[in-house]
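> Sequential numbering of the sequence shown, starting at 6, is according to my numbering.
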Amino acid sequence: MQKFVYEYATKVYFGEGAAREHLAEAVSGYGKHVMLAYGGGSVKKNGIYDELKAILEAAGKTVTDFSGIMSNPTYAKVQEGAALSRKEGIDFILAVGGGSVIDCCKIIAAQARTETDLWEMEMTDHKFPTDAIPIGAVVTASGTGAEMNGGAVITNEEKVLKAGLAAFPPRFAFLDPGYTLSVPRMQVISGAFDTLSHAMETYFGASDEDNVSDDVALAIMTNTVINMRRLLADSDDIRVRGNLMWDSAMAENGILKVGRLTDFQAHQMEHQLGAYTDCNHGQGLAVIHPAYYRHIVKDAQEKFRRFGKEVFGVDSAEAGVEALADFIKECGLPTKMSELRSKVEITPEILKKVAETCNVIPCGPRKLGRDEIYDILMECM
Ligand code: NZQ
Ligand code: ZN
Numbered sequence: 006m007q008k009f010v011y012e013y014a015t016k017v018y019f020g021e022g023a024a025r026e027h028l029a030e031a032v033s034g035y036g037k038h039v040m041l042a043y044g045g046g047s048v049k050k051n052g053i054y055d056e057l058k059a060i061l062e063a064a065g066k067t068v069t070d071f072s073g074i075m076s077n078p079t080y081a082k083v084q085e086g087a088a089l090s091r092k093e094g095i096d097f098i099l100a101v102g103g104g105s106v107i108d109c110c111k112i113i114a115a116q117a118r119t120e121t122d123l124w125e126m127e128m129t130d131h132k133f134p135t136d137a138i139p140i141g142a143v144v145t146a147s148g149t150g151a152e153m154n155g156g157a158v159i160t161n162e163e164k165v166l167k168a169g170l171a172a173f174p175p176r177f178a179f180l181d182p183g184y185t186l187s188v189p190r191m192q193v194i195s196g197a198f199d200t201l202s203h204a205m206e207t208y209f210g211a212s213d214e215d216n217v218s219d220d221v222a223l224a225i226m227t228n229t230v231i232n233m234r235r236l237l238a239d240s241d242d243i244r245v246r247g248n249l250m251w252d253s254a255m256a257e258n259g260i261l262k263v264g265r266l267t268d269f270q271a272h273q274m275e276h277q278l279g280a281y282t283d284c285n286h287g288q289g290l291a292v293i294h295p296a297y298y299r300h301i302v303k304d305a306q307e308k309f310r311r312f313g314k315e316v317f318g319v320d321s322a323e324a325g326v327e328a329l330a331d332f333i334k335e336c337g338l339p340t341k342m343s344e345l346r347s348k349v350e351i352t353p354e355i356l357k358k359v360a361e362t363c364n365v366i367p368c369g370p371r372k373l374g375r376d377e378i379y380d381i382l383m384e385c386m
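(1) Quick one: what's GLY379 bridged to in DSSP?
(2) Using only the alpha-carbon positions, how far apart do LYS389 and LYS132 sit?
(3) Mind pulling the alpha helix (DSSP H) runs of 4 or more residues that sit fully within the region 191 to 274?
(4) Taking Cβ positions, are THR15 and ALA178 nearer each other than 8 Å?
(5) Output the residue ranges of the beta strand (DSSP E) runs that lie fully inside the region 86 to 164 and measure 3 residues or longer, sorted by chain position.
(6) Is LYS167 buried or exposed, if buried means 16 or more other CB atoms sit within 10 Å of its CB?
(7) Output yes or no for whether 8 Å exceeds the beta carbon distance between ALA81 and ALA115.
(8) Taking a contact to mean a Cβ-Cβ separation below 8 Å, would you say ARG375 touches ALA360 in this structure?
(9) Can you find a heavy atom of ligand 1 that lies under 7 Å from the Cβ of HIS286?
(10) List the whole-angstrom C-beta distance separating ALA172 from GLY155, where the pair is believed to meet the contact cut-off of C-beta under 8 Å.
(11) For a quick check, are the C-beta atoms of ASP241 and ASN77 less than 8 Å apart?
(12) Tell me the DSSP secondary structure of LEU338 in three-state form.
(13) Taking 7 Å as the limit between beta carbons, can you name the residues of its chain near LYS66, skipping five residues before and five after?
(14) Please tell me whether, using a cut-off of 7 Å, the distance from the CB of THR160 to the nearest non-hydrogen atom of ligand 2 is below it.
(15) From LEU99 to SER147, what does the alpha carbon distance come to, in whole angstroms?
(16) Ligand 2 and THR69: does the residue's C-beta get closer than 7 Å to at least one heavy atom of that ligand?
(17) Quick check: what's the CA-CA separation for VAL188 versus GLY20?
(18) How about THR267 and GLY210: do their beta carbons lie closer than 8 Å?
(19) Cβ of SER202 versus every heavy atom of ligand 2: is any distance shorter than 7 Å?
(20) Quick check: what's the CA-CA separation for MET342 versus THR149?
(21) Apart from the five residues on each side of it in sequence, which residues of its chain come closer than 6 Å, Cβ to Cβ, to SER253?
(22) Taking the alpha helix (DSSP H) that ASP55 belongs to, which residues open and close that run?
(23) Per DSSP, ALA171 forms a beta bridge with which residues?
(24) For ASP70, which residues does DSSP report across the bridge?
(25) Check whether the region 257 to 275 touches the region 283 to 297, taking contact to mean three or more Cβ pairs, one atom from each stretch, closer than 8 Å.
(26) Starting from ALA14 and walking both ways along the alpha helix (DSSP H), at which residues does that stretch end?
(27) Can you tell me whether GLU275 is buried or exposed? The criterion is at least 16 other CB atoms within 10 Å of its CB, across all chains shown.
(28) With distances taken Cα to Cα, identify the nearest neighbour of PRO139 among ILE112, PRO353, MET126.
(29) Please state whether DSSP places LEU3 in a helix, a strand or coil.
(30) Give me the Cα-Cα distance between GLY73 and ALA24, rounded to the nearest whole angstrom.
(31) Bridge partners of GLY179, per DSSP?
(32) Let me check understanding here. Comparing Cα to Cα, which of PHE198, VAL143, ASN248 lies closest to LEU180?
(33) With a threshold of 7 Å (Cβ to nearest heavy atom), would ASP96 be considered close to ligand 2?
(34) Taking 7 Å as the cut-off, does the CB of THR149 come closer than this to any heavy atom belonging to ligand 2?
(35) Using only CA atoms, which one of MET386, THR340, VAL316 lies nearest to ILE225?
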């Protein structure tokens with residue numbers, strides 16, 4: 006283990022009816038003017054918007070809506086939200102949605118408090134925001150774990166880059182599995198695959214073995230697979246949705262990552278694939294992971310062997326990778342590029358651009374070259 010400082014920044018309220026019971030108390034310490042931010046309208050259809058707005062107004066808050074945050078949120082949407090926050094003098098942002106809404110709000114919150122362009126600040130000057138409007142999250146679709154960390158993945162359409170920006174984590178997060186019941190089964194599965202990916206990418210990053218994080222990561226992977234299978238059998242089972250919701254938070258709240266290197270090379274490839282195609286994040290990962298792992302399985306034989314045995318009950322490193330590929334099929338997730346929903350046809354030229362522009366992670370079992378990244382992506386065609 007390497008040196009680390011760890012602080013738990015987000016207060017979590019988990020369970021059915023959590024917002025009804027605790028939201029008024031959670032927002033009570035913040036200013037009067039609340040921005041209620043959400044996506045393309047699911048929260049209006051399922052009643053979550055009305056419920057939360059009524060709670061906020063009963064708590065004496067003035068509410069300003071910010072709607073239309075898209076999946077794979079854009080930097081232009083961030084700027085729109087930051088401008089609205091400044092104009093309305095927003096004191097607190099309540100992000101209601103999945104990872105896209107929560108991420109967009111994290112960056113809106115920081116951009117609203119500085120005149121400096123946040124993308125340039127972080128990507129060019131390698132500086133980070135020091136101030137932000139406080140935010141809270143109400144999770145309506147789980148998978149990313151965005152509600153318990155300070156990172157945000159934003160698509161800069163002008164630069165054709167999808168990248169992680171650092172900001173501040175939500176002060177609190179509401180995780181009510183009942184709020185996720187209207188999420189279509191395929192979106193739940195896609196989000197859960199993202200969770201599985203986070204635990205795998207963390208587990209395969211470290212070269213030191215027998216640390217407790219590996220054990221916890223394997224437990225999260227095993228539990229996620231069990232609950233994904235249960236969800237396939239009964240997608241209305243609220244206990245399953247709740248289990249997946251907490252798996253999601255556990256995998257990406259930072260607890261697995263302390264004191265160790267992580268991989269996240271599959272994520273880097275997927276994010277840039279997303280920049281070109283706008284594909285669903287979990288589904289892009291499902292396509293890329295098996296091909297990537299076939300390339301690196303020889304570089305981390307013991308870790309892959311343990312992964313295969315504990316998560317899928319198979320006997321060798323290679324069998325572990327193939328069991329993962331079979332599980333992706335079993336879930337009905339896409340297995341090749343042509344099965345992804347994409348705004349453009351995914352051609353070798355597009356994949357070349359993805360390979361040329363994605364981040365290359367220096368650690369992981371082995372650092373990849375860009376030619377090999379291109380080969381991996383082409384093997385997903
Ligand atoms: O926009 P609406 O109408 O709300 O519909 C959404 C959206 O279409 C729908 N949805 C959400 N709650 C619903 C619901 N539909 C019915 N009932 C509900 N209760 O679900 C769809 C997907 O939502 P989205 O937020 O885009 O999905 P997800 O949570 O998978 O977030 C993906 C984004 O998070 C980033 C991804 O890159 C992607 O941009 N990530 C963020 C991370 C982080 N901050 O830690 C880590 C991840 O690795 C990931 O990169
Ligand atoms: Zn992810």
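All residues carry an ideal CB built from backbone N, CA and C; glycine is no exception.
This is what the structure gives:
(1) At residue 379 the sequence reads Tyr, which differs from the Gly that was named. Answer is none; TYR379 lacks a bridge partner.
(2) In the structure displayed, the chain extends from 6 to 386; residue 389 sits before or after that span and is not available.
(3) Counting whole runs of 4 or more residues, the region 191 to 274 contains the alpha helix (DSSP H) stretches 217 to 238, 243 to 257.
(4) In this structure, the beta-carbon distance from THR15 to ALA178 falls below 8 Å.
(5) The DSSP assignment places complete beta strand (DSSP E) segments of no fewer than 3 residues inside the region 86 to 164 at 97 to 102, 140 to 144, 156 to 161, in order along the chain.
(6) By the neighbour-count rule (16 or more Cβ atoms within 10 Å), LYS167 is buried.
(7) The answer is no: Cβ separation not under 8 Å.
(8) Taking 8 Å as the Cβ cut-off, ARG375 and ALA360 qualify as a contacting pair.
(9) Yes.
(10) Contact holds; Cβ gap of about 6 Å.
(11) Result no, Cβ atoms of ASP241 and ASN77 do not sit closer than 8 Å.
(12) Of the three classes helix, strand and coil, the one that applies to LEU338 here is coil, per DSSP.
(13) Cβ neighbours of LYS66 beyond the five flanking positions: VAL32, LYS37, VAL39.
(14) Checking the Cβ of THR160 against ligand 2 gives no.
(15) So the two alpha carbons sit approximately 16 Å from each other.
(16) Every heavy atom of ligand 2 is 7 Å or more from the Cβ of THR69, so no.
(17) The alpha-carbon atoms of VAL188 and GLY20 are separated by roughly 17 Å.
(18) Note that the C-beta distance between THR267 and GLY210 is below 8 Å.
(19) Taking the Cβ of SER202 as the reference point, at least one heavy atom of ligand 2 falls within a distance shorter than 7 Å.
(20) Near 21 Å, if we compare the C-alpha coordinates of THR149 and MET342.
(21) Excluding sequence neighbours, SER253 sits near SER147, GLY148, GLY150, THR200.
(22) DSSP places ASP55 in the uninterrupted alpha helix (DSSP H) bounded by 53 to 63.
(23) Beta-bridge annotation (DSSP): ALA171 is paired with GLY156.
(24) Paired residue(s): LEU41.
(25) Judged by Cβ distances under 8 Å, the region 257 to 275 makes contact with the region 283 to 297, as three or more pairs qualify.
(26) From DSSP, ALA14 is part of no alpha helix (DSSP H); its letter is neither H nor E.
(27) Answer is buried; the Cβ neighbour count reaches 16.
(28) Nearest of ILE112, PRO353, MET126 to PRO139, Cα basis: ILE112.
(29) Residue 3 falls outside the range modelled here, since the chain spans only 6 to 386, and no answer is possible.
(30) Taking the Cα positions, GLY73 is about 22 Å away from ALA24.
(31) A small fix is needed here, since residue 179 is Phe in this sequence, not Gly. DSSP lists TYR18, VAL143 as partners of PHE179.
(32) The shortest Cα separation from LEU180 among PHE198, VAL143, ASN248 belongs to VAL143.
(33) Not so, every heavy atom of ligand 2 lies at least 7 Å from the Cβ.
(34) With a threshold of 7 Å, the Cβ atom of THR149 counts as near ligand 2, since some heavy atom of the ligand is closer than that.
(35) Relative to ILE225, the option among MET386, THR340, VAL316 whose CA is nearest is VAL316.
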